Structure formats: C-alpha cells, structure tokens
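Chains as they are written, first to last, in our numbering: chain W, 93 to 356; chain G, 10 to 265; chain Z, 12 to 271.
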Amino acid sequence: MADSNPVIDIESLSKTFGTRRGTSHLAIADISLKVGDGEFVSILGPSGCGKSTLLYIVGGFEAPSTGAVLVDGKPVAGPGPDRGPVFQEFALFPWKTVLGNVMYGLLEQGVDRGQATDRARELLAMVHLSAYGNFYPKELSGGMKQRVAIARTLAYRPKILLMDEPFGALDAHTRTRLQNDLLDIWERDRKTVMFVTHSVEEAVFLSDRVAVMTRSPGRIKEIIPIDLPRPRKRAELLVNRRYQDYVVEIERLMELPPEEAQAS
Amino acid sequence: MTWTRRAGELAVGLLPIVLLLGLWQGLVFLKYAPPTLLPGPVTVFSRFFSLLGDPQFLQHGATTSFRLFSGFALAVAVGVGLGILAVGNRVVAAILRPLIRVLAPVPKIALYPAFILTLGFDHSSKIALVFVDAVFPILLATYQGALSVEPKLVWSARAAGVSQTRALFTIVLMAALPSILTGCRIGLVIACIVVFLSEMINSTDGLGYLLVRAARNFQTVDMFVPIISISILGLILNAAFNALRARLLVGYPEDN
Amino acid sequence: MKRIADIPGFPPLMACIGLLVFWDLVARYLAISGLPPAWDALKEVPVILADPEQLLNILSSIRRMVIGFFAALVFAIPVGLLMGRSRAVAAFFNPLLMTIYPVPKAALMPIIMLWLGVGDVSKILVIFLGVSLPVIYHSYQGARAVEQKMLWSAAAMGMGAPARLLRIVLPAALPEIMVGCRTGLVLALITMVTSEMIARQSGVGNILFNSLDLAQYGLVYATILIIGVMGFVLDVLFEKLREAVAGWAQPVHQIAVGSA
Ligand SMILES: Nc1ncnc2c1ncn2[C@@H]1O[C@H](COP(=O)(O)OP(=O)(O)OP(=O)(O)O)[C@@H](O)[C@H]1O
Ligand SMILES: [Mg+2]
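See the structure below:
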C-alpha cells in the first residue's frame, strides 16, 4: 500500500556527526522507508539509535549526509508547513499565551487575525483546553503543554505530522488520554504520521506499521504491519489476542542482541 | 515571602543608610568637620530640592539625560542587532568574537580624547563614549542568550513557514529576551556613570560639569548635589527598568 | 585537521591587526581631522615608554591600582560571603549597595581630594571603592548558590561557623568570586585612568589630556594604545590565573560589568 504512491520517501539515508575530538560518528546508516498517504508509522528503537535524527532530517531541520528524503516526490531542502513537528520538549513560545502559540503559524502565514482566532479556539476545544487560552505555557502541566504543542502544529494544517516521543515525558494516565485524543484526531482527518516512541504498546496501539531500528548506528531492522481493526478502542485491544501477539513479537525483536558489535 | 518579612528586611536595609546620614549630620552638628569641607546632609538635600525648581539646573539635567539616552539607545540597537546577527551568521560571529575578546576589557574611557578630537567637544563625543561603554555588556548578553536558545523553538517557527531571518529576529530575539534585558540593565547603569564622567572631564554643561564647576569654586554643597542627582537618576531608571522587565517577561519561567 | 582559527590567540591577534589596519586606512583615505594614521600613533609608543619620567608615571599608576585592587579584595570578599550566607547581613547591605551602585566612583575624586589631598591615598581610595562593588556582588551571588546540604553535613561533622565560611563557602564560591575579581580588575584600571583624567595630577590619564592640550595628537593616540593593551593584558593574565585556581568550574563567559 505504501509503495504505490508514497508521501514520504526516504532513500538510503545516513547521517554522520562530527564530534568534538575531530572524529566522526555515524548516527544512522542506510535507512530506506516509504510512508503512504494517511498512514500512521511508528519508529521504535533503543535510545541513541537515531530516531530523532531521522525525524529531524525528514522535517528539514538537519541535512542528511548521504541519501535523500522526498516528500510528494520533491526533495526536502528545509522545513516547510507541509510537515508539522511535535517535540518531546513541547518547545512552546514562553512569551505567548496558549492562544497566541496556537495562532502563531496562521498569523505568520498571513491569515487574518479573526479567522486565526476562530481556528485556534476550535483546536483548543479539540484538545480540551478551551478554558486556558489566556494562560501562559509555564502555568500549564506537562500534559496540557503537549496538547497545546499538538494544537499549535495542527493549526496550520500540515499534511504530515512528525512526532518525536510526544508523550514520553508524561505520566501513564495522561499518556493514555493523549493517545486516545491523537487517534480521534487522526481518524477525523487521516494525516500522514511518523511517530517516534520508546513504548511498544503505544506503537502497536496507534500504528499501521511499526519500524524497529537497530542499535547505533541506526538501521531499520524490520517493519511490522499492524493488522488490527480501526477505530481502535484501548479497552478492547488490551484483551485482543492479536494485539498481545504483536506486542510480544516486537518486544522480542527489540531484545535480540545487536547484530554487530557496538560501534564507535 | 510574606509581606511583614519584606517590610522587616526593608527596615533593616534602611538602617545603614539612616545611620550613615545620622553620622554625617552628627559630624557636622558637633563641628568635627568644618562645613566648608563637609556640609551636612540637611544642607545638601535642601539645596538639592530647591535646585529642582531652578530652570538652569534642570537644563543641565536634561542635557545629561539626553546624552545618556541617546548613547544608551544606540547601544541597545547595535548591541542587540549585532548579537542576534552573530548567532545567525557564521562570518559575523567569526569577526565579532575576537573583536569582543580584545575590546571588551579595554577601558573605553581612554577613547574619550579620540572622540573629542574627531567628533568635537559637544554632544557627539559624549554620546559616542556612552555608546562604546554600554554596547559591550548588551552585545555579550544578547549573543550568549541567543546562543543558548533552544533550537526547537526556531524549528517550530520554521516549520510553520517562517524564514530563517525572520525567525532570527522574532523567535531567537524573544527567546533571548531575559538575557538581553539583563545586559541592557548593566548597560544602563554604565551609561549613567559614563555620561557623568565624560561631563566632568570635558564639558561646559550637564550634571558632571556642575560638579567640576563647584569644585573649582570651592562650593562644597554644590559638589554634593550633582552626585546625589545622578544617584537618584540611576535609582529611578533602575526601578523603571525593573518594572518594564516584569511586564515584558510575564510568561517566562521565573528563574532568571 | 586543525584549523588556523583554532590556534589560541590567533583570532584576537588578527582582530588587533585588523583594527589597526582599518584605523590606518580610514585615517589615510577619509582624512578625518583629529585622527592620525595608526602608524603615526604606533611610532610614539616607544617614545613614551623610553621617557623615564613618563614610564615612572605609568608605573606609579599601576602601583596604586594594585594596592587599591588588593585592599578591595580583602574587604569585599568576606563581606560578600557573609551577605550570601546570612539573610540579615544581606538585607542590611543591599539597599546601601544599590544606592551607591549608580554613583560614578571616580566622580568622588574632587570631594575626596578636598579631604585627603591630591596624594596617593585619595587615588587608592577611589580605586578601592570602584573594585569593591562588583567583588561584593559576585561573592554574594557565589555564596548564595552554595548548597545548604553541604553546609549541614559540615556542621554535622562539628565544623564551626567561621571554619565553614572559610573551608566550605569560600572554595565553593570561588569560581563566582573569580568572575567578580576579573570585573574588578578591569574596573580598577578604568577607575585609575578616569580619576587621573579628573584629578589631572599625574599618571596615564593625565598624559592623555596633557598631550591633548598640547595638541600632540600622535601622543594622545599612543597613550590610548598603551591603556588598551594594559586592559587586554590584565584580562588575559587574570583569565590564566582563574584557570589555574578555579579551572574545574565551567568557564564563565563574564559580561564585563565595568565602569568607574
Ligand atoms: N547534533 C549532534 N551532534 C553530534 N552527535 C549527535 C547530534 N545529534 C545526535 N547525535 C548522535 O546521534 C545519535 C542518535 O541521536 P538521536 O537523538 O537521533 O537518538 P534517539 O534515537 O532519538 O535517542 P533517544 O531515544 O534517546 O531520543 C546519538 O549517538 C547522538 O549522540
Ligand atoms: Mg530522540
């Protein structure tokens, strides 16, 4: 399905960082991945394997060392409003109110203030934060901040969402709620999503496919299609045999000893 | 901190100032110090307040303020502009960093004769001196503040379609604001000090000149008045600056 | 591969040469009145340094500066540390310090001269005042940041209050104190030059304005160069000292808070 007409086409991508000592460090090696229109793909892998790096390159924030990323057939040359990032650290603008943060992208794109306000309020309602428009980010809890960050990105209607462990810093309860919210939003307008996570359950629950990466230098070890019915309900999935099998299978995959000795 | 505790601390803090003033008045009152050398605080302050109604004195104060604010405004514009630019542009940074390293520890006051020679005795040489003295703390604070801005803030803006340059002068600038304001406050106090000194060294008007003129004529009371004036001006500016800072930084995390 | 720009001292050297060349070209081609070419000023530097009277003048300036600086350290570091460890002491001194912060210390020169004469004492006192403030401020900040737990465990080991201040607070606050000292050192130089410009008795500041009055412009600029080099050299020397004494702490890029 993804191969017919991919929205994101990652072609033998690798990234080398220069270190302080003058040596070079291969972060990701030869990654190829195609993501189809409206597909939800999760990336799993041990810490430091280059998941964020991969996402940043797709976002156009960092340049690849070799290989290329095509979005809608065009090579990525820099960030653009077709790809909306959501970072683990929220990265909200502290000097703007919640509403100001959500409106920011629209105003910068020349949407008039009235329309931008309406759209921002709509999004805040969607993430259950209508009452918090005039709050500053520092006055919100971690989960609320992350919902604002998601709303800020959704506001300018990116075609693709690039989410880097968006729920990683949250407690289990908040995390579950936000996963449900995210799925609701996704069911509604079927964006293409690349979703980095450490949690196998989260990946299986959300995704159409799960890409498992190897230890540094990161390569794609295996891509597992998740064939579970949608819309998914957490309570139902937890007792679903296939769901459990996927989780166990992927967890095993991640436990396997690294194929090669730890590099550099 | 509770209100009473604050009030208590304020009272403790006023103590040394009151004591000092008392000691000063006492010395004069008990005639330990001849009034020609040390006029009492009552004399000095009543002279200060009577001069506040004197248009000539106010004119000198206005001259000093004009030089102070012109030089400071210039320093803010250049310091913030260059500091932000240096973060966005490698070439600017490569040129600026060694220049700062060499010029920051140089006593800028030594350049004053050069400014007098090239810019003349009037406002411009004083404004230039205030500028070079105030610009370095502002430039350094801006540069360091902008360097440590979380790159994901910029990325978030870039992803929304904002250009690199625009992100630099909106997002990076705003994110570095706490640091920039710290630099500006230091620059403001320095500007206060330097404008006064420049007028003492070489001028025919301004508060600094009033001090020198009084010294020449051995009018001790009038020597104290300009010093009190510049100190009060500094305190007012500092308070105004703190108020402005509190307004500008409402949303920012506390610790800064 | 090591880049040329990574060699320590190379970029500042280039900056110096660049500044001089820039100055020389501007003076030669824009013909600004009152700005001689850099070369003319450079030629005068050896003339000043070879004149025994001028040299003595400069050396006695430096001597006063050093005395004022160290006297200020001896006074200001303990005061700052005490302020940092005791709320009462801090509350006592803070408003007073805030009030005298915006007062130009060198501006007190005429009044102090009135009381103490034009000798060394007045000049040293002004330098002492100029240096004290930043050193107090940074020692205060440094001592305030010392972890309370560290002091508790020291107290639990039976260390008395003075010993704690000397053996725990002082070393822990050392990096910040060094920042204050560095600022203070630059300030000492600034205050020295400024007070000499105001007193017009002797010293480098006096050479500057005397040659200005005598229209010896080459000499003016040569003196500026000498003062500039003094500032830079003092700063570099101090940075080396800081690395030796408190090198374990993060190098603090200090915003030079400097004016007399
Ligand atoms: N700017 C950089 N400079 C040098 N090395 C970097 C840089 N960014 C990442 N790396 C290195 O690249 C590798 C991959 O980093 P990355 O942050 O992409 O990992 P990750 O999979 O996202 O890890 P985590 O799960 O902990 O977030 C790491 O070894 C890291 O040290
Ligand atoms: Mg990561």
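Ideal Cβ placement from N, Cα and C applies to all residues, glycine included. The structure displayed is predicted, hence computed values, not measured ones.
Spell out whether any CB of chain Z is found under 8 Å from the CB atom of residue i.
i, result
"residue 118 (chain G)", "yes"
"residue 21 (chain G)", "yes"
"residue 168 (chain G)", "no"
"residue 4 (chain G)", "No answer is possible for residue 4 (chain G): it lies beyond the span of chain G, which begins at 10 and ends at 265."
"residue 18 (chain G)", "yes"
"residue 100 (chain G)", "no"
Tell me the rounded alpha-carbon separation between residue i and residue j.
i, j, result
"residue 135 (chain G)", "residue 198 (chain W)", "46 Å"
"residue 85 (chain G)", "residue 193 (chain G)", "7 Å"
"residue 114 (chain G)", "residue 18 (chain Z)", "21 Å"
"residue 221 (chain W)", "residue 118 (chain W)", "42 Å"
"residue 226 (chain Z)", "residue 217 (chain Z)", "14 Å"
"residue 278 (chain W)", "residue 313 (chain W)", "27 Å"
"residue 180 (chain W)", "residue 342 (chain W)", "23 Å"
"residue 109 (chain G)", "residue 141 (chain G)", "12 Å"
"residue 271 (chain W)", "residue 175 (chain G)", "34 Å"
"residue 290 (chain W)", "residue 244 (chain Z)", "53 Å"
"residue 48 (chain Z)", "residue 27 (chain Z)", "15 Å"
"residue 306 (chain W)", "residue 265 (chain W)", "29 Å"
"residue 66 (chain G)", "residue 129 (chain Z)", "29 Å"
"residue 131 (chain G)", "residue 109 (chain W)", "56 Å"
"residue 102 (chain W)", "residue 206 (chain W)", "39 Å"
"residue 54 (chain G)", "residue 30 (chain G)", "11 Å"
"residue 154 (chain W)", "residue 241 (chain Z)", "45 Å"
"residue 14 (chain G)", "residue 98 (chain Z)", "11 Å"
"residue 17 (chain G)", "residue 112 (chain Z)", "23 Å"
"residue 211 (chain Z)", "residue 118 (chain Z)", "13 Å"
Quick one: is residue i near chain G, going by C-beta distance under 8 Å?
i, result
"residue 278 (chain W)", "no"
"residue 25 (chain Z)", "yes"
"residue 190 (chain Z)", "no"
"residue 217 (chain Z)", "no"
"residue 208 (chain Z)", "yes"
"residue 322 (chain W)", "no"
"residue 58 (chain Z)", "no"
"residue 181 (chain W)", "yes"
"residue 185 (chain W)", "yes"
Pull the bridge partners of residue i from the DSSP assignment, please.
i, result
"residue 167 (chain W)", "W:162"
"residue 317 (chain W)", "W:301"
"residue 270 (chain W)", "Beta-bridge pairing links residue 270 (chain W) to no other residue."
"residue 289 (chain W)", "W:136"
"residue 103 (chain W)", "W:160"
"residue 116 (chain W)", "W:110"
"residue 123 (chain W)", "W:105"
"residue 312 (chain W)", "W:305"
"residue 253 (chain W)", "W:176 and W:285"
So, at 7 Å on beta carbons, what are the nonlocal neighbours of residue i in its own chain, with the 5 sequence-adjacent residues on each side left out?
i, result
"residue 153 (chain G)", "188"
"residue 140 (chain W)", "308"
If contacts are defined as beta-carbon pairs under 8 Å, then residue i and residue j qualify, I think. What distance do you get, rounded to the angstrom?
i, j, result
"residue 87 (chain Z)", "residue 179 (chain Z)", "Going by Cβ atoms, the distance from residue 87 (chain Z) to residue 179 (chain Z) rounds to 19 Å, so no, they are not a contact pair."
"residue 144 (chain G)", "residue 88 (chain G)", "5 Å"
"residue 273 (chain Z)", "residue 153 (chain Z)", "The requested residue 273 (chain Z) does not occur in the structure, where chain Z is confined to residues 12 to 271."
"residue 239 (chain Z)", "residue 127 (chain G)", "About 16 Å; that fails the 8 Å criterion."
"residue 274 (chain G)", "residue 139 (chain G)", "Lying outside 10 to 265, the shown extent of chain G, residue 274 (chain G) is not represented and no answer is given."
"residue 209 (chain Z)", "residue 26 (chain G)", "About 26 Å; that fails the 8 Å criterion."
"residue 251 (chain W)", "residue 300 (chain W)", "With a Cβ gap of about 16 Å, residue 251 (chain W) and residue 300 (chain W) do not count as contacting."
"residue 173 (chain Z)", "residue 257 (chain Z)", "Rounded, the Cβ-Cβ distance is 22 Å, inconsistent with contact."
"residue 318 (chain W)", "residue 302 (chain W)", "6 Å"
Leaving out five residues on either side along the sequence, give the residues of the same chain with a beta carbon under 8 Å from the beta carbon of residue i.
i, result
"residue 186 (chain W)", "228, 229 and 230"
"residue 229 (chain G)", "44, 45, 46, 47, 48 and 223"
"residue 179 (chain G)", "166 and 171"
"residue 346 (chain W)", "136, 137, 138, 292 and 304"
"residue 161 (chain Z)", "179 and 183"
Closer than 8 Å, CB to CB, is residue i near chain W or not?
i, result
"residue 314 (chain G)", "Residue numbering for chain G in the displayed model covers 10 to 265; residue 314 (chain G) lies beyond these limits and cannot be assessed."
"residue 161 (chain G)", "yes"
"residue 252 (chain G)", "no"
For residue i, which residues of its own chain have a beta-carbon under 6 Å away from its beta-carbon, when the five flanking residues on both sides are left out?
i, result
"residue 145 (chain W)", "107, 119 and 120"
"residue 142 (chain W)", "119, 120 and 310"
"residue 196 (chain G)", "84, 143, 146 and 147"
"residue 56 (chain G)", "230 and 234"
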